[in-house]
Amino acid sequence: MPSFYPVIPAGGSGTRLWPLSRQVEPKFLHRLGADHRSLMQLTLARLEPLAPAAQTFIVCGANHREAIMRQVPKVPVGNLIVEPAGRNSGPAIALAAAIIEQLDPEAVMGSFAADHLISYGEAFRDAIRTAIDVAQTGRLVTVAVTPTRPETGYGYIESGEPLGIGDALDVVRFKEKPDAATAEKYVASGRFFWNAGMFVWRVADLMEQLREQAPEIAERVQQVADLWVRDYEGALAKLDEVWVDMPSISIDHAVVEGTAAQGKLATVPADMGWSDIGDWDTIAEMGTHEGSRLEQPKETLLIDSPGSFATSGTGRAVTVIGVPDVVVVETKTAILVVKRDEAQRVKEAVEEWKARGREDLL
Numbered sequence: 543m544p545s546f547y548p549v550i551p552a553g554g555s556g557t558r559l560w561p562l563s564r565q566v567e568p569k570f571l572h573r574l575g576a577d578h579r580s581l582m583q584l585t586l587a588r589l590e591p592l593a594p595a596a597q598t599f600i601v602c603g604a605n606h607r608e609a610i611m612r613q614v615p616k617v618p619v620g621n622l623i624v625e626p627a628g629r630n631s632g633p634a635i636a637l638a639a640a641i642i643e644q645l646d647p648e649a650v651m652g653s654f655a656a657d658h659l660i661s662y663g664e665a666f667r668d669a670i671r672t673a674i675d676v677a678q679t680g681r682l683v684t685v686a687v688t689p690t691r692p693e694t695g696y697g698y699i700e701s702g703e704p705l706g707i708g709d710a711l712d713v714v715r716f717k718e719k720p721d722a723a724t725a726e727k728y729v730a731s732g733r734f735f736w737n738a739g740m741f742v743w744r745v746a747d748l749m750e751q752l753r754e755q756a757p758e759i760a761e762r763v764q765q766v767a768d769l770w771v772r773d774y775e776g777a778l779a780k781l782d783e784v785w786v787d788m789p790s791i792s793i794d795h796a797v798v799e800g801t802a803a804q805g806k807l808a809t810v811p812a813d814m815g816w817s818d819i820g821d822w823d824t825i826a827e828m829g830t831h832e833g834s835r836l837e838q839p840k841e842t843l844l845i846d847s848p849g850s851f852a853t854s855g856t857g858r859a860v861t862v863i864g865v866p867d868v869v870v871v872e873t874k875t876a877i878l879v880v881k882r883d884e885a886q887r888v889k890e891a892v893e894e895w896k897a898r899g900r901e902d903l904l
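Numbered per the numbering used here, the sequence shown spans residues 543 to 904.
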């Protein structure tokens, strides 16, 4: 078995989860519900049975580096790859792959977002183990999610024939976010899965695809990786240099969709209790069902408020009485009260506070 290297891209500010998630403290640095660990800490804990923290890399922005180091001290400082500026997931994942290839040319790498929630850890790890086996055959692999409902907010992966390795399937194509009627057809067919943005591949195979499909990215990250092991300071200087005009593109658009068109992409679907925690309504949905995967924080009290969710960022008690389907978020400098069916409008509040010059709230 080759060595497995998890990579955790930790970027973005998550404005739809304002005021908890902000530019300086995005959602992956926060805990949600009753668990005392942040999403970043949960992500690392989920991966540790597959690979030690010493083999885990985190790609982040300079603003978040110190906080990440405090939260996950097991990860070596040298494994934090600090982007000079956000350029979407393509360059971030490509840079990590190029660096890992310098350390271990035979390595298999996995990419897992820092801000997703997965409730069934062993189901997740079983899927990753299968994906590692599939990656040995030279395919790029996406770990997909078995849909639980017709969802219009996610992209879909259309699967083909079984590959004879666990639950792995060939990938026919990617589908953009569908309308409601199309989503219902996708789910009813049993051939479509949610694209969760989780990938596994041999680093050599990914770099080959990058050189073919996104040579401008491949060339730039290779320049940095060539220096990383023997001249770390020189690598950082080179990183600043090549990142100035680095294309901004997702890894899906950079290589994954093109690899599917070549017939070289596989998927391993899994029912793992996954959520990308996209907005407060999603969190409320997870935290308001009996036997839910996300418990109400202990600092909150809900009385006769079905469907509601509350959280306290300071430890102060928050009580909601007789108000159904509402989300209440308390932080040190801001409080949000929003109806669940209006949760997508939180970003409007962020824009309005920005227009008022309240950068301190963002």
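Note that beta-carbon positions come from the ideal geometry of N, C-alpha and C, so glycine has one too.
A quick note: this is a predicted structure, and the numbers were derived from the prediction, not measured.
* Asked: So what does DSSP say about G652, is it helix, strand or coil?
  -> Your numbering for residue 652 matches position 110 in the sequence shown. When secondary structure is reduced to three states using DSSP, G652 falls in the strand class.
* Asked: Any idea if Y547 is buried or exposed, counting beta-carbon neighbours within 10 angstroms, 16 or more meaning buried?
  -> By 1-based counting over the sequence shown, the position of residue 547 is 5. Its Cβ being crowded by 16 or more others within 10 Å, Y547 is buried.
* **Range covered by the alpha helix (DSSP H) that runs through R882** => Numbered from 1 along the sequence shown, position 340 holds the residue referred to as residue 882. For R882, there is no enclosing alpha helix (DSSP H), as DSSP gives it neither H nor E.
* Rounded C-alpha distance that separates S563 from W822 -> In the sequence shown, the residue the question calls residue 563 occupies position 21. In the sequence shown, the residue the question calls residue 822 occupies position 280. S563 and W822: Cα-Cα distance of roughly 11 Å.
* Asked: Going by DSSP, what residues sit across from T809 in a beta bridge?
  -> Taking the first residue of the sequence shown as position 1, residue 809 is located at position 267. According to DSSP, T809 shares a beta bridge with T684, L711.
* Return the Cβ separation of L592 and I670 in integer angstroms, given the expectation that the two are a contact with Cβ distance under 8 Å. => Numbered from 1 along the sequence shown, position 50 holds the residue referred to as residue 592. Numbered from 1 along the sequence shown, position 128 holds the residue referred to as residue 670. Yes, L592 and I670 are in contact; Cβ-Cβ is about 6 Å, under 8 Å.
* To do: Evaluate I872 with the Cβ neighbour count: other Cβ atoms within 10 Å of its Cβ, from every protein chain shown; 16 or more gives buried, anything less gives exposed.
  => Numbered from 1 along the sequence shown, position 330 holds the residue referred to as residue 872. Correcting the residue type first, residue 872 is Glu in the shown sequence and not Ile. By the neighbour-count rule (16 or more Cβ atoms within 10 Å), E872 is buried.
* To do: Kindly indicate which three-state DSSP category E703 falls into: helix, strand or coil?
  => Walking along the sequence shown from the start, residue 703 turns up at place 161. In the structure shown, the three-state DSSP call for E703 is strand.
* To do: Measure how close the beta-carbons of I699 and T809 come, nearest whole angstrom, since I'm counting them as under 8 Å.
  => Numbered from its first residue, the sequence shown carries residue 699 at position 157. Numbered from its first residue, the sequence shown carries residue 809 at position 267. Sure, about 5 Å apart at Cβ, within 8 Å.
* To do: Note down, in chain order, each residue of its chain lying with its Cβ closer than 6 Å to the Cβ of T861, except the 5 sequence neighbours on either side.
  => As a first step, residue 861 must be located in the sequence shown, where it is residue number 319. Once the five neighbours on either side are set aside, the close Cβ partners of T861 are L843.
* Under a three-way DSSP split, which group does L586 fall into? -> What you label residue 586 is simply residue 44 of the sequence shown in a count that begins at 1. In the three-state scheme derived from DSSP, where H, G and I count as helix and E and B as strand, L586 is classed as helix.
* Could you name the residues of the same chain whose beta carbon sits closer than 6 Å to that of R681, not counting the 5 residues immediately before and after it, in chain order? => Along the sequence shown, one-based indexing puts residue 681 at 139. These residues qualify, in order along the chain: K806, A808.
* Asked: Using the rule of at least 16 other Cβ atoms within 10 Å of the residue's Cβ for burial, across every protein chain shown, is K874 buried or exposed?
  -> Counting from one through the sequence shown, the residue named residue 874 turns up at place 332. It counts as exposed.
* Rounded C-alpha distance that separates P568 from G554 -> Numbered from 1 along the sequence shown, position 26 holds the residue referred to as residue 568. Numbered from 1 along the sequence shown, position 12 holds the residue referred to as residue 554. Roughly 7 Å between the two C-alpha positions.
* Asked: Anyone know if the C-beta pair for E837 and S854 falls short of 7 Å?
  -> What you label residue 837 is simply residue 295 of the sequence shown in a count that begins at 1. What you label residue 854 is simply residue 312 of the sequence shown in a count that begins at 1. For E837 and S854, no; Cβs fall outside 7 Å.
* Could you tell me how far apart the beta carbons of P866 and P848 are, in whole angstroms, since I believe they sit closer than 8 Å? => In the sequence shown, counting from the first residue as 1, residue 866 sits at position 324. In the sequence shown, counting from the first residue as 1, residue 848 sits at position 306. Between P866 and P848, the beta carbon gap of about 5 Å places them in contact (Cβ cut-off 8 Å).
* **Cβ contact check for the region 628-644 and the region 608-620: 3 or more pairs under 8 Å** => No, they do not touch.
* Asked: For the beta strand (DSSP E) that contains M788, what are its first and last residues?
  -> The residue given as residue 788 occupies position 246 in the sequence shown. Note, M788: premise wrong, no beta strand (DSSP E); not H, not E.
* Asked: Would DSSP call E832 helix, strand or coil?
  -> Mapped onto the sequence shown, residue 832 falls at position 290. Only weak support exists for where E832 lies, its pLDDT of 47 falling under 50; the coordinates are left without a value.
* **Enclosing beta strand (DSSP E) for G632 [first to last residue]** => The residue labelled residue 632 in the question sits at position 90 within the sequence shown. Taken as a continuous stretch (DSSP letters only), G632 belongs to no beta strand (DSSP E), being part of the alpha helix (DSSP H) at 631-645.
* To do: Starting from the Cα of P789, find the closest Cα among R588, T688, N605, A756 and give me that residue.
  => As a first step, residue 789 must be located in the sequence shown, where it is residue number 247. If we check each option's Cα against that of P789, A756 comes out closest.
* To do: Let me know if G833 comes out buried or exposed under the rule of 16 or more other beta-carbons within 10 Å of its beta-carbon.
  => Within the sequence shown, residue 833 is the residue found at index 291, counting from 1. The predicted position of G833 is uncertain, since its pLDDT is 44 and thus under 50; no value can be drawn from it.
* To do: Mind listing, in chain order, the continuous beta strand (DSSP E) runs of no fewer than 3 residues lying wholly within the region 708-782?
  => List check, beta strand (DSSP E) in window: 711-717, 734-744.
* For the 8 Å Cβ check, are there 3 or more pairs between the region 756-774 and the region 782-796? -> Output reads yes: the region 782-796 touches the region 756-774.
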